[in-house]
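Have a look at the structure below, then the notes.
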Amino acid sequence: MTLLLALIPILPLFGFLVLSIFGGRLPWKVVATIGTGSVGLSALLTLIIGTVFLSLPSPDGVYAVNLWEWINTGGLTANISFRLDALSLVFIFVVTFVGFLIHVYSVEFMKGDEGFSRFFAYMNLFVFSMLVLVLADNLLLLYLGWEGVGLCSYLLIGFWYKEPANGYAARKAFIITRVGDTAMIIGLFLLFINLGTLNINELMQQASLKWAMGSPLALLTAALLLGGAVGKSAQLPLQTWLPDAMAGPSPVSALIHAATMVTAGVYLIARTHVLFALAPAVQTAVAVIGALTLLLAGFSALTQHDLKRILAYSTISQIGYMFLALGVGAWSAAIFHFMVHAFFKALLFLAGGAVILLLHEEHDIFKMGGLRKKMPVIFWTFLIGSASLAALPLITAGFYSKDQILWFAWSASNGSPWLWAAGFVGAFLTSLYTFRMVFITFFGETKTEPDHQPGKLIVIPIVILAVFSLLAGFIELPGSMGSFHLFSDVLNTLLPSVILSHENVSEIVFQVLASVISLSGIYLAYVLYLKKPALAGSFNKSRISNFFYSGWGFDRVYDIVFVKPVVWLADIDKNDFIDLFSKGIAMVTIFFNKALSLMQNGKVRWAVMALAIGIVFILTIMMNL
Amino acid sequence: MVTIPIEIQILFAASLFLLGLIGLLVRRNIIFMLMSIEVMFNSAGLVFIIAGSRWGQTDGQVMFIFILAVAAAEVSVGLALILQMFHHYKTLDADELSKLRDSKNDS
Chain A
1132 MTLLLALIPI LPLFGFLVLS IFGGRLPWKV VATIGTGSVG LSALLTLIIG
1182 TVFLSLPSPD GVYAVNLWEW INTGGLTANI SFRLDALSLV FIFVVTFVGF
1232 LIHVYSVEFM KGDEGFSRFF AYMNLFVFSM LVLVLADNLL LLYLGWEGVG
1282 LCSYLLIGFW YKEPANGYAA RKAFIITRVG DTAMIIGLFL LFINLGTLNI
1332 NELMQQASLK WAMGSPLALL TAALLLGGAV GKSAQLPLQT WLPDAMAGPS
1382 PVSALIHAAT MVTAGVYLIA RTHVLFALAP AVQTAVAVIG ALTLLLAGFS
1432 ALTQHDLKRI LAYSTISQIG YMFLALGVGA WSAAIFHFMV HAFFKALLFL
1482 AGGAVILLLH EEHDIFKMGG LRKKMPVIFW TFLIGSASLA ALPLITAGFY
1532 SKDQILWFAW SASNGSPWLW AAGFVGAFLT SLYTFRMVFI TFFGETKTEP
1582 DHQPGKLIVI PIVILAVFSL LAGFIELPGS MGSFHLFSDV LNTLLPSVIL
1632 SHENVSEIVF QVLASVISLS GIYLAYVLYL KKPALAGSFN KSRISNFFYS
1682 GWGFDRVYDI VFVKPVVWLA DIDKNDFIDL FSKGIAMVTI FFNKALSLMQ
1732 NGKVRWAVMA LAIGIVFILT IMMNL
Chain B
1485 MVTIPIEIQI LFAASLFLLG LIGLLVRRNI IFMLMSIEVM FNSAGLVFII
1535 AGSRWGQTDG QVMFIFILAV AAAEVSVGLA LILQMFHHYK TLDADELSKL
1585 RDSKNDS
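Here it is as structure tokens:
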């Protein structure tokens, strides 16, 4: 069984190696089979292992496999060893399963692209890195996977590298996440120096033994790890890279920038929850960051024109909900929302990608319109995904996960009415911008005609994801509706359950409020964008709309505060004396080169002359001896 | 028989060698360059003769015969090359044949 566990990440790695070495010479059908097959086999293995794990739990709730010793020096031991517990099981399930569906979709989506095999090689490498990240049993191996997914994100955002803007977006994503990663690696150093190990399990035990609640070191390391999580998960203040990351192909946006990689920060915080529990101030910061981000991204999503940018901002906003849940100590609620979000956001990106593909790379929703009749399958699945995102009551999975977060934001011991209010307003914004997107894209009059219908390989993954977006919610029902806790029961073997403080308030009130706010958002979208578009039009021209459109001006502020000074400094520093030294060496060398190459003029008499002078020279020396 | 002092003899051979060298350097016609080389050969041979007569040994004259043989062979090869050169380039100017050079000085 443990060998099978090791095979889960190794299969995509194998796929990557084969594709990157032989990919260019293989026919595209073979490339597609290897690329999707490796991830598909991983998904199958995950299902087998998951079933065994849940039916025959091991005494400590963990399956571990130690492959080999990676580093062992100066007290630092880091092994290549994988560790499967309830938390990583959820993550590998989502990574392999959603990853497999997206790979299948990509076969048709990327068909005919000259980088077909390169695409699948990168995607397989990504799945491998992500699996290493979530299965790692020590923080160093986790960091390897963490940087691996960052690299793949960079490679895939800039996949169509002939367009300079794509390369710019890729570099932006890489550099901004690197800011967070630097904080994280410093956090790892601190942890190792003070606790003497990087093994996650031992680390958590040591931390709770050695550090008191709220001790400065605990606060500092938790804050540094939070920095890494904020960068990777595109939270305030490092959220600016994600909207630009939409330059990559749509399957990439679905897999990396919605379903899996951007939730690595959520995973990291959940994985090191002991540390965050020791640093209450930082944990509050997590909740506040989440609340602010979900509002900020929600307002930005409201004004975007580009279908994929709307989805990108909504991703930032939904990860804000996960951070909010983590911050109030509702660990399993955050992971539950992660899983549900992975389903419906992957669905939205794949369906949106299909729309964009069929309309010849048209990204602007105002140029779409009336696609309801033209592509019914895409419409219905997109509607299901949107309903789930907008948390349509009772029938969608998104309702159950978001309702849980809102409830805990109020009732958990570290929750507060303010956090709840932020989430509540965010829920309204979410349903408003989601259905704005749906109404403008699929209703009204047709502006661009699709020329063909999507093929089987595009439709099947979308339909499967749509089914999951509806049904995944029923594995975790709130107390007022039967109190069915399959998901959190499994996770609570590992993560502490929520400590409630407001036992007296009835949960059902919050559910009714959440349902009302979601429905009223949809109704407002209906009024604004279908019935009276003039109202929305006047808002679109306002300055505040422009402000939201530019993502609250973060890019401009960063440009002035960081980019301009660095460029200015580099500019004035271009001709400093250090350069003079190296330039001097180059100039002397060039001078001698010119002088010596003058002698190589190919004239035989010149050669004879040199010979004669040389002989005279040697003879003179010999006479003097 | 008047004996010429050996210094004069050596100086004569040396000036002959120098003349050959100057001829080799200043002439551009490849036939003249070949002739200059012959002059230098013979000046070297002359030194052998001088040394042979100075010490009354026959070795010097033997060496001169060798040099003559080598010079004859060299001339035949050299003339053949000159013929080929004229055949290919229609010129006897040695400076025209400067392909063996640093390409940066192409002008």
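Those protein sequences? They're chains A and B, same order as listed. For the first sequence, position 86 matches number 1217 in my numbering, and the numbering has no gaps at all. For the second sequence, position 7 matches number 1491 in my numbering, and the numbering has no gaps at all. The beta carbon of each residue, even a glycine, is placed where N, CA and C say it ideally should be.
Restricting attention to Phe1259/A, Phe1599/A, Ser1628/A, Tyr1660/A, the CA atom closest to the CA of Thr1572/A is found in Tyr1660/A.
Ala1578/B reaches chain A at Lys1734, Val1735, Arg1736, counting residues in chain order whose Cβ is nearer than 8 Å.
Within chain B, the residues Leu1505, Leu1508, Leu1509 have their CB atoms less than 9 Å from the CB of Ala1743/A, given in chain order. For Arg1511/B, there is no enclosing alpha helix (DSSP H), as DSSP marks it with neither H nor E. Under a criterion of Cβ atoms nearer than 8 Å, the residues of chain B adjacent to Met1740/A are, in order, Leu1509. Note: Val1383/A is not bridge-paired with any residue in the DSSP secondary-structure output. As DSSP reads the structure, Thr1204/A sits in a beta bridge with Leu1207/A.
DSSP places Glu1607/A in the strand class (E or B) of the three-state scheme. The region 1637-1648 of chain A and the region 1388-1396 of chain A do not touch, with fewer than three beta-carbon pairs separated by less than 8 Å. Look at Asp1375/A here: in three-state DSSP terms it is helix. Here the C-alpha atom of Phe1474/A lies approximately 56 Å from the C-alpha atom of Ser1713/A. For Leu1552/B, the CB contacts under 8 Å within the same chain, skipping 5 residues up- and downstream, are Gly1529 in chain order.
Ile1487/A places its beta carbon less than 8 Å from that of Ser1381/A. Secondary structure at Leu1626/A: coil, using DSSP grouped into helix, strand and coil.
Residue range 1159-1186 is occupied by the alpha helix (DSSP H) that includes Trp1159/A.
Residue pairing for Arg1214/A: DSSP places it in a beta bridge opposite Ala1195/A.
Counting every other CB atom within 10 Å of its CB across the protein chains shown gives Ala1498/B a total below 16, marking it as exposed.
For the region 1490-1520 of chain A, the full-length alpha helix (DSSP H) segments reaching 4 residues or more read 1502-1505, 1507-1520 along the chain. Here His1583/A carries a coil assignment [DSSP, helix/strand/coil]. Around the beta carbon of Gly1460/A, a 10 Å sphere encloses 16 or more other beta carbons of the protein chains shown; the residue is thus reported as buried. Here the C-alpha atom of Ser1728/A lies approximately 29 Å from the C-alpha atom of Gly1562/B. In the DSSP assignment, Pro1524/A falls outside any alpha helix (DSSP H) and carries neither an H nor an E.
Between the alpha carbons of Val1183/A and Ala1174/A lies a gap of roughly 14 Å. The region 1684-1703 of chain A makes no contact with the region 1447-1467 of chain A: fewer than 3 CB pairs, one atom from each, lie closer than 8 Å. Beta bridge pairing from DSSP links Leu1631/A with Ala1543/A. The count of Cβ pairs closer than 8 Å, one atom from the region 1237-1249 of chain A and one from the region 1265-1275 of chain A, stays below three, leaving the stretches out of contact. The Cβ neighbour count for Glu1580/A, taken over all protein chains shown within 10 Å, is under 16; the residue is labelled exposed. The Cβ atoms of Ala1477/A and Phe1513/A do not sit closer than 8 Å to each other. Rounded to whole angstroms, the separation of the alpha carbons of Ala1464/A and Pro1627/A is 11 Å. Ranking Leu1500/B, Trp1539/B, Val1523/B, His1572/B by CA distance to the CA of Ala1556/B puts Val1523/B first. The C-beta distance from Ile1288/A to Ala1376/A rounds to 5 Å, short enough to meet the 8 Å contact threshold. Here His1616/A carries a strand assignment [DSSP, helix/strand/coil].
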